[in-house]
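To start, the structure under review is shown below, and the notes come after it.
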Amino acid sequence: MDELLEAGFDGMEARLPLTPVERAEFGAFLRANHVPYIATVFTAYDVLPEQSATTAEHLTDLEQKLAWSTELAPRFVNVLAGNDRWQLPQQVDFFGQALELACKHGQTVTFETHRARSLFNPWVTLELIRQLPDLRFTSDISHWIVTCERLLDDPEDDLSAFVERVHHIQARVGYDQGPQVPHPAAPEYARELAFHQQHWEAVWKSQQARGCQVSTMTPEFGADGYLHHLPFTNVPVADLWSLNVWMGQTEREHFQRFTHTTSR
Numbered sequence: 295m296d297e298l299l300e301a302g303f304d305g306m307e308a309r310l311p312l313t314p315v316e317r318a319e320f321g322a323f324l325r326a327n328h329v330p331y332i333a334t335v336f337t338a339y340d341v342l343p344e345q346s347a348t349t350a351e352h353l354t355d356l357e358q359k360l361a362w363s364t365e366l367a368p369r370f371v372n373v374l375a376g377n378d379r380w381q382l383p384q385q386v387d388f389f390g391q392a393l394e395l396a397c398k399h400g401q402t403v404t405f406e407t408h409r410a411r412s413l414f415n416p417w418v419t420l421e422l423i424r425q426l427p428d429l430r431f432t433s434d435i436s437h438w439i440v441t442c443e444r445l446l447d448d449p450e451d452d453l454s455a456f457v458e459r460v461h462h463i464q465a466r467v468g469y470d471q472g473p474q475v476p477h478p479a480a481p482e483y484a485r486e487l488a489f490h491q492q493h494w495e496a497v498w499k500s501q502q503a504r505g506c507q508v509s510t511m512t513p514e515f516g517a518d519g520y521l522h523h524l525p526f527t528n529v530p531v532a533d534l535w536s537l538n539v540w541m542g543q544t545e546r547e548h549f550q551r552f553t554h555t556t557s558r
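Residue numbering for the sequence shown follows my numbering, starting at 295 and increasing by one per position.
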């Protein structure tokens, strides 16, 4: 906790504990330390969904986890939802019912852009928005960069309908061949960093226009296949905590410049 605060972070985004004992312990920790919490949950059980799970099973799992999440009073619940293999009618039906569950449990729910999930690419997401305009999102655009194998900076890449519905940002810098650059400060990835920062700033502008009083962002450089390692030795090319601290500090300064400019 001291390390978290020393690095300048204001809260915590973490997976929802799945057992009563773990939730009770985690809840006590959050209350004792006055830590704002964003809950992350997965439909059909884990980061990668069970491939045989039906939309009904995804929804049952989501409802259970939304009920559990109320025990921890999160700011909102970030959901990795659905399956990329479903046809569009299934996707529409699933997200329509997911919105109803969020309302039933009194939770603000955002759906994260993530490979292997329903929101694995921008074009499916934009079609879902057209049919379900009340959807709200967590933007981790690094996944879309991999899926599309390019930065989405072509004039044809109009993501405005998505940007207007982003509630939360996960800040990781991806590139055309992977969801995480070795180090976002490296000059060879300056173009990728600039693209992501432009996207995040577009979200901030939209949130400002929507009258949002708070904007949340979680640096999300990860281990598990994301962090580059040297071949043969398996030595990480960078320190993971340092990557997230750098991203957090850099984007705090970026946000301060943005608010200073827009307040004049």
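Ideal placement from N, C-alpha and C gives every residue a C-beta, glycine not left out.
Kindly give me the distance between the Cβ atoms of residue i and residue j, rounded to whole angstroms, as I take these residues to be in contact under 8 Å.
i: A465; j: E545; result: 6 Å
i: Y331; j: M306; result: 6 Å
i: A532; j: H477; result: 5 Å
i: W535; j: A479; result: Between A479 and W535 the Cβ distance is about 15 Å, and since that is not below 8 Å, they are no contact.
i: V475; j: F431; result: Their Cβ separation, rounded to whole angstroms, is 23 Å, which puts V475 and F431 out of contact at 8 Å.
To which residues of the same chain is residue i closer than 8 Å at the C-beta, ignoring the five residues directly before and after it?
i: E565; result: Shown here, the chain extends from 295 to 558; a query on residue 565 therefore has no answer.
i: L420; result: L453, A455, F456
If you run the structure through DSSP and keep just helix, strand and coil, what is residue i?
i: G542; result: helix
i: N327; result: helix
i: I435; result: coil
i: R309; result: strand
i: V371; result: strand
i: T441; result: helix
Using C-beta distances below 7 Å, list every residue in its chain close to residue i, excluding the 5 sequence neighbours before and after it, in chain order.
i: A361; result: H399
i: V529; result: H523
i: L342; result: A410
i: D447; result: F489
i: F303; result: G542
i: T441; result: R409, F414, N415
i: D355; result: T337, A338, Y339
Excluding the 5 residues preceding and the 5 following residue i in the sequence, name in chain order all residues of the same chain whose CB lies nearer than 6 Å to its CB.
i: T349; result: Q384, F388
i: S436; result: R466, G468, P473
By the DSSP assignment, the beta strand (DSSP E) with residue i in it spans what residues?
i: F405; result: 403-406
Could you give the first and the last residue of the continuous alpha helix (DSSP H) run that contains residue i?
i: D428; result: Run containing D428: none; DSSP gives neither H nor E here.
i: D296; result: 296-300
Quick check on the DSSP output: what are the complete beta strand (DSSP E) runs of length 3 or more inside the region 446-490, in order along the chain? Listed in chain order, the beta strand (DSSP E) elements of length 3 or more contained wholly in the region 446-490 are 460-465.
Ranges of the beta strand (DSSP E) found wholly within the region 334-387, counting only runs of at least 3: 371-374
Return the chain-ordered ranges of every beta strand (DSSP E) run that is complete within the region 500-548 and spans a minimum of 3 residues. 510-513
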